[in-house]
Every structure is written in structure tokens, then in C-alpha cells.
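In what follows, a single structure is set out as C-alpha cells and then discussed.
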Amino acid sequence: MKIKTHLLVSRLLLGVVAALAASFALCAQGGLLQIQSNPVSFGGLYWGNPTNWDNLHIPHFQSNPPGGGTADRSINFISVAHDNSYFYVRVNFNEAPPFNGSDFYMWLDTDLNPATGSRDFSGNGAIGSEFVINGAALIQNPSVWNFVGWLNWDQDPWTSGSLPRDVIFSIDRTSQLPFVKSFYLTYQLYNSGAGTTSDWYPESADTLTGDYFEYTTLEVTNPLPAASSAKYGQLIASAAPLAYYRLSETTPVTVDAATNSGSAGGSGNGAYTTGARHPVQGAIV
Ligand SMILES: [Ca+2]
Ligand SMILES: [Ca+2]
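Going by our numbering, the first residue of the sequence shown is number 112, and it counts up by one from there.
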């Protein structure tokens, strides 16, 4: 089944770039790894095409170790974006079979409370999930399996076999996840043929003290790291800018002042810049 939904929302691409520049990822040790908010306008672009995600520079949550999975299953990264109508989720795999309802599970903790909801099927998940997305089926309260509805989705490629693959789906914010502004997320890629869970995203998401990510439609207000720190450079790079030039200046440049002696006083002061020699002895002594 291949469904394409044409969005009614249309905004200027320039606004998208500005909004994406405001997106933010905070790195931490253990537990909550990153928070992101990526408002987007696909405009006339098809949201189900991973190339469009790349061209719009929609950030990724941090990558999973390549080859970290087993049994021909490996998750690379997840990317999430939203507009007023939908959440959009892109899952990029190093190895995955065609999208199906047996192997693909996205866990969502929509009240940001690990004490409520399902700790995945094992009871040991890092988050307490109110929803699970099994293939393209949105399930509420996983312990009783309340079917909410089908998600629109696409994948690239559609070729069979365990391959590098992108799976993209959209969740209707009004009819499918009403009132949800933020959620914790993890992803589980199962191998139903081998009968084993073959990769988790993040890697430790299946342990009670394991890692997970947060996506929010709200403004992320975490403090930025110091501009001189290595983490600041990593943060800017995580937003996939077209260009980023780091000047590595840690102390302000001392200005060689040219004091104004006219009636404007200090407001007319200037500065000697590159090429000027000051002070030097004059030709007349
Ligand atoms: Ca992995
Ligand atoms: Ca919960």
C-alpha cells in the first residue's frame, strides 16, 4: 500500500530554514539523550521522500552504531518534524526488510512519565509508552492493544530483502494524537523470522535505566553550551548547516583606538585596523 497525502499547509521555504536553524539538540549522559523540535513546511514537496528531508536539512537524532544490530537488522537514525497538522517520522535503516507489521515498533511515551504506560513488551523499556506504532498501525495502550488507525506511509526502496532503507510515516495530530505536544520515543526493529529483537534505538532503550529521545512541538529552552566549547561546535553541526566556519577566538581583540580631538568628542573615536601603523614617530621631530 502506498499512500501520498498532499498537505494543505503552505509556507515559504525561507521560513522553514529559519525554523530549522532554531531546532535544538541537547546531549546528555544516559536517560534522555536529546530533545528536538523541528517545525517544517514541506510546501509542494512530498513528505514521504527522504531526499526532500535531506534537502530541507531536517536534523537527525543521534546515529545508532552502524552494524550494531543483529540478524540483518540495524537502525541508523530517526528524524522527526511537525507542522500544524502532522507529526512526520523518518526512520533510516542500515539493514531492514520491507516495512511490515511484524518487525517494526516505535514506542511513544506521550505523558513524559516512565511510571505510566508499557515498558515495551519485555517490561524493561526505558520509557512508559502510551502508544506503539506497529508497522503503520497506531496502537493506544499497548497492554490492551487499542487500534487507533492507520498511518500514511512510504518507503525507499520498495525492493524486497534486508537493505539500507528509509521508512517515513505521518501521524495526524488532530485525529490520531490529539493534545500531544511532546513525547519520548524509542524504536525496536524485530526479526520475526529469527524470533529475536535485533536492534534498539537508542541502543540501551530496552533497559529500565536505558536511553531515549524526546520530540516536542514546543520551543526548546535548554541553555546553550558555551560558544568556546567543543560541544557548541557539535551542536551547530548536528543541525546540518550548509556552511559553518569556526573562528576559534577565545578572547576579544584589543582595539587600537584613534582618539577624536574634534568637537564631537568620544563619539567620534575610531580604531586603527589592519595596515595602519600606530603609534610611530612622525617625519618631523
Ligand atoms: Ca544499532
Ligand atoms: Ca508514560
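Every residue, glycine too, gets a C-beta built ideally from N, C-alpha and C.
Residue range of the beta strand (DSSP E) that includes residue i
| i | result |
| --- | --- |
| residue 264 | 263–267 |
| residue 318 | Taken as a continuous stretch (DSSP letters only), residue 318 belongs to no beta strand (DSSP E), as it is neither H nor E. |
| residue 405 | There is no way to answer for residue 405, as the model of the chain reaches only from 112 to 396. |
| residue 282 | 274–283 |
| residue 193 | 185–193 |
| residue 73 | Limits of the chain in this structure are 112 at one end and 396 at the other, which puts residue 73 out of reach. |
| residue 156 | No beta strand (DSSP E) holds residue 156; DSSP gives it neither H nor E. |
| residue 309 | 307–312 |
| residue 219 | 215–220 |
Of the residues the options, the one placed nearest residue i, counting alpha carbons only
| i | options | result |
| --- | --- | --- |
| residue 203 | 177, 197 and 234 | 177 |
| residue 187 | 287, 278, 317 and 239 | 278 |
| residue 180 | 206, 190 and 195 | 206 |
| residue 235 | 311, 201 and 305 | 311 |
| residue 214 | 197, 246, 222 and 231 | 246 |
| residue 314 | 391, 297, 382 and 257 | 297 |
| residue 157 | 266, 374 and 319 | 266 |
| residue 261 | 255, 319, 349 and 250 | 250 |
| residue 171 | 321, 159, 162 and 191 | 191 |
| residue 308 | 184, 155, 164 and 355 | 184 |
| residue 322 | 148, 299 and 152 | 299 |
| residue 219 | 392, 258 and 241 | 241 |
| residue 154 | 164, 289 and 145 | 164 |
| residue 270 | 353, 142 and 210 | 210 |
| residue 248 | 264, 254 and 233 | 264 |
| residue 194 | 159, 167, 150 and 162 | 150 |
Reduced DSSP secondary structure (H/G/I, E/B, other) of residue i
| i | result |
| --- | --- |
| residue 116 | Residue placement at residue 116 cannot be trusted, given a pLDDT of 39 that sits under 50; what the coordinates show is reported in the next sentence. Three-state DSSP puts residue 116 in coil, outside helix and strand. |
| residue 138 | Its pLDDT being 44, under 50, residue 138 is placed unreliably by the model, and the measurement read from it follows with that caveat. Here residue 138 sits in coil by DSSP. |
| residue 237 | coil |
| residue 133 | Residue confidence for residue 133 is low, a pLDDT of 41 falling below 50, so the modelled location carries little weight; the figure read from the coordinates is stated next. Correct three-state label for residue 133: coil. |
| residue 248 | strand |
| residue 346 | helix |
| residue 391 | coil |
Counterpart residues of residue i in DSSP-defined beta bridges
| i | result |
| --- | --- |
| residue 256 | Answer by DSSP bridge pairing: none, since residue 256 is not bridged. |
| residue 381 | 369 |
| residue 291 | DSSP output for residue 291 lists no bridge partner at all. |
| residue 398 | With the chain represented from 112 up to 396, any question about residue 398 goes unanswered, as that position is not in the structure. |
| residue 297 | 218 |
| residue 243 | 218 and 250 |
| residue 224 | Residue 224 is not bridged to any residue. |
| residue 229 | 240 |
| residue 302 | 307 |
Contact test: residue i Cβ vs ligand 3 heavy atom, cutoff 7 angstroms
| i | result |
| --- | --- |
| residue 272 | Ligand 3 is not part of this structure, which contains only ligand 1 and ligand 2. |
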